[in-house]
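Engineer:
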Amino acid sequence: MLDMRLIRENPELVKQGLANKFDTSDLDKIVNLDEKRREIIRQVEKLKGQRNKASAEIAQKKKAGESADDAIAAMRQVGQDIAALDNELREIDQELQTALSWLPNLPHDDVPVGKDESSNRFVREWGEKPQKDFEVLPHWEIGESLGILDLEAAARLSGSGFYFLKGLGARLERALYNYMLDMHIADGFLECSVPVMVTSETLFGTGQLPKLAEDMYKTERDDLYLIPTAEVSLTNVYRGEIIDHTMLPMYMVAYTPCFRREAGAAGKDTRGMIRVHQFTKVELVKIVRPEKSPEELESLLIQAEKVLQGLKLPYRVMVLATGDLSFASAKTYDLELYAAGVDRYLEISSVSTFDDFQARRMNCRFRDAEGKVRFPHTLNGSGLALARLIPAILENYQNADGSVTIPDVLRPYMGGADKIG
RNA sequence: GGAGAGGUGGCUGAGCGGUUGAAAGCGCUGGUCUCGAAAACCAGUGUGCCUUCGGGUACCCAGGGUUCGAAUCCCUGCCUCUCCGCCA
């Protein structure tokens with residue numbers, strides 16, 4: 014949620030930000046609703062002042078045993094006027110809140126302006142693409158031939174867009190998330206195990222609702238959504254609360270399944286486990302003091318990179334263009350992992366700062382050392398997505414004989430095994 | 001799922017439909033005292049909105065309703081607790 018005060022006082026700045034994000038919301042309408050809202054508040058509060066005064070007098074008279082019938086009769090009309098204005102105010106409030114809830118966050122000044130990913134800017138890269146003197150099979154082929162990935166079984170159970178790992182494949186997933194969790198915990202993140210079904214209020218808080226309703230699974234009977242990312246459960250942990258500044262910065266990490274309908278993605282990445290409806294992910298979330306958030310973003314990015322460096326997987330860092338940013342994000346770095354079998358870069362982590370956009374939607378605040386109540390900044394980053402990591406390992410660590418070498422750092426988690434196959 | 005009880009400030013906990021934004025206690029902050037600390041005493045201590053910056057107004061789980069007037073009465077929803085049932 015954007016600050017209404019900012020919109021009111023600096024509409025041109027907000028308009029520019031929205032334009033850079035290629036958002037077409039009618040900001041003038043919002044400014045007008047806001048003005049109308051304040052006008053009604055001025056009127057109704059004046060009447061309420063009268064009413065409160067009269068009520069006190071009525072109470073006094075009754076106490077003194079005098080008749081207050083005249084005063085009561087006189088206030089009857091005022092009471093009706095107040096009710097009418099309150100109704101009008103409620104409607105305008107609702108209209109204004111709805112309009113505000115559809116406004117995306119504003120991008121930072123240093124985010125490249127552009128309508129899609131072709132404007133994303135290269136930041137840095139790490140590692141060498143593996144040189145292979147044989148044809149590297151894509152992960153779905155090598156996975157099937159090693160007997161560790163059974164996409165047919167997954168389709169039998171759930172239809173297209175699911176994966177079924179077996180044996181050392183399932184073990185590899187477990188090794189990966191244990192490796193990642195251990196690393197993040199050692200670096201100060203609080204390990205959390207969280208609900209994967211949440212209410213619409215929770216999804217509103219992080220900005221998935223109202224805009225992304227079509228991209229999520231919903232349990233109609235109970236009105237709960239399956240989370241598309243653990244960001245939702247972690248970030249909302251103090252929704253509606255005022256926390257003490259000594260709790261900041263708060264670093265959290267959780268391993269969860271994630272659920273995405275991938276509506277509108279038909280035809281893209283139809284093979285293998287790169288784009289699926291259910292995948293697992295280790296997610297990192299930070300809640301921090303506003304003045305610290307730029308450096309917290311950089312260190313969060315480094316935290317995600319550390320996983321790939323440990324696994325010796327080559328990647329590049331991109332900063333997303335304004336048009337490629339998600340609804341709630343003010344600035345996002347993508348980590349793109351090179352996978353030799355499909356011969357392309359896969360988005361494996363998205364590291365974002367939301368400024369106070371999510372905190373406002375969640376109404377999550379903190380009391381600073383001076384006792385002042387303020388909105389914190391929230392950030393998150395994948396650390397990392399397993400359904401992209403496993404294909405990259407199966408492809409980049411593939412050997413000519415059809416086996417796959419297990420990265421050094423995972424071997425302790427794999428019962429000492431050094432290769433699959 | 002069935003039966004019952006209940007949701008009040010950071011916490012505990014009062015609160016006949018009418019000076020109740022809300023007693024009291026605890027906690028916290030500042031002060032006095034002290035070489036310093038503890039104790040004691042004194043003072044302060046919620047959030048949002050509107051504002052002509054004097055103030056005004058709203059909020060006692062949430063949303064409706066009754067009333068001149070609601071923390072207090074009524075309805076709906078959510079949540080918590082106890083007992084039973086079911087169950088990993």
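Just so we're on the same page, the numbering used here is the position in the first sequence counted from 1, plus 13.
Note that the Cβ used here is the ideal one computed from N, Cα and C, for glycine as well.
No experiment lies behind these values; they were computed from the predicted model shown.
From the DSSP output, which residues share a beta bridge with K294?
Structural biologist: DSSP, once it has assigned bridges, lists T269, A398 as partnering K294.
Engineer: Taking 6 Å as the limit between beta carbons, can you name the residues of its chain near E130, skipping five residues before and five after?
Structural biologist: D337.
Engineer: By a C-beta neighbour count over all protein chains shown, 10 Å radius and 16 as the cutoff for buried, is T111 buried or exposed?
Structural biologist: exposed
Engineer: Enumerate in chain order the residues of its own chain whose CB-to-CB distance from V124 is below 6 Å, with the five nearest sequence positions on each side excluded.
Structural biologist: In its chain, beyond the 5 residues on either side, T335, K344 have a beta carbon closer than 6 Å to the beta carbon of V124.
Engineer: Determine the burial state of Q411: buried for a count of at least 16 other Cβ atoms within 10 Å of its Cβ, exposed for fewer.
Structural biologist: buried
Engineer: For G156, is the classification buried or exposed, using 16 other Cβ atoms within 10 angstroms of its Cβ as the cut-off for buried?
Structural biologist: Burial call: buried.
Engineer: Given that a residue counts as buried once 16 or more other Cβ atoms are within 10 Å of its Cβ, and exposed if not, what is P404?
Structural biologist: buried
Engineer: Go ahead and pull the three-state DSSP assignment for V211.
Structural biologist: Three-state result, V211: strand.
Engineer: Pairing CB atoms from the segment 352–365 with CB atoms from the segment 390–407, are three or more of them under 8 Å?
Structural biologist: yes
Engineer: Measure the alpha-carbon distance for F177 versus L164 and round it to whole angstroms.
Structural biologist: Computed Cα separation, rounded: 6 Å.
Engineer: With C-beta atoms as the reference, is H390 less than 9 Å away from R252?
Structural biologist: no
Engineer: Note the first and the last residue of the continuous alpha helix (DSSP H) segment covering Y358.
Structural biologist: From DSSP, Y358 is part of no alpha helix (DSSP H) but of the beta strand (DSSP E) over 357–366.
Engineer: Considering only their Cβ atoms, is the gap separating L40 from V57 smaller than 9 Å?
Structural biologist: no
Engineer: Run the CB neighbour count on E296, radius 10 Å, all protein chains shown included, and call it buried at 16 or more, exposed below.
Structural biologist: So E296 counts as buried.
Engineer: Ignore the nearest five residues each way along the sequence and tell me which others in G285's own chain have a CB closer than 7 Å to its CB.
Structural biologist: P151, H152, W153, P404
Engineer: Looking only at its own chain, which residues have a Cβ that is under 7 Å from the Cβ of L399, when we skip the five neighbours before and after it?
Structural biologist: Here the set comprises E186, L189, Y190, F292, T293, K294.
Engineer: Rounded to a whole number of angstroms, what is the C-alpha to C-alpha distance between F202 and R51?
Structural biologist: Cα to Cα, the separation comes out at about 44 Å.
Engineer: Quick check: the segment 369–377 against the segment 241–261, are there 3 or more CB pairs under 8 Å?
Structural biologist: yes
Engineer: Determine contact between the segment 252–272 and the segment 198–218, defined as no fewer than three beta-carbon pairs at a distance below 8 Å.
Structural biologist: yes
Engineer: When the distance is taken between beta carbons, is S173 closer than 9 Å to T283?
Structural biologist: Taking the C-beta atoms as reference points, S173 is found nearer than 9 Å to T283.
Engineer: Does W139 come out as helix, strand or coil in the three-state DSSP assignment?
Structural biologist: strand
Engineer: Taking DSSP as the reference, what is the three-state secondary structure of I255?
Structural biologist: strand
Engineer: Would you say E244 and R274 are within 9 Å of each other, going by their C-beta atoms?
Structural biologist: no
Engineer: Bridge partners of E349, per DSSP?
Structural biologist: The partner list for E349 (beta bridge, DSSP) reads R329, E360.
Engineer: What is the DSSP secondary structure of V91, reduced to helix, strand or coil?
Structural biologist: helix
Engineer: What is the rounded straight-line gap between the Cα of V417 and the Cα of Y328?
Structural biologist: 20 Å
Engineer: Under the rule that 16 or more other beta-carbon atoms within 10 Å means buried, what is F135, buried or exposed?
Structural biologist: Per the 10 Å Cβ criterion, exposed.
Engineer: So, for D36: in the same chain, excluding its five sequence neighbours on each side, which residues have a beta-carbon less than 8 Å away from its beta-carbon?
Structural biologist: L116, P117
Engineer: Can you say whether I255 is buried or exposed, counting buried as having 16 or more other CB atoms within 10 angstroms of its CB?
Structural biologist: exposed
Engineer: With a threshold of 8 Å on Cβ separation, who are the neighbours of E318 within its own chain once the five nearest residues in sequence on each side are excluded?
Structural biologist: W139, Y328, V330, L348
Engineer: Take the Cβ of R184 as the centre, count every other Cβ of all protein chains shown within 10 Å, and call the residue buried at 16 or more, exposed below.
Structural biologist: buried
Engineer: Restricting to Cα atoms, I'd like to know which of L359, D122, E408, L225 is closest to P241.
Structural biologist: L225
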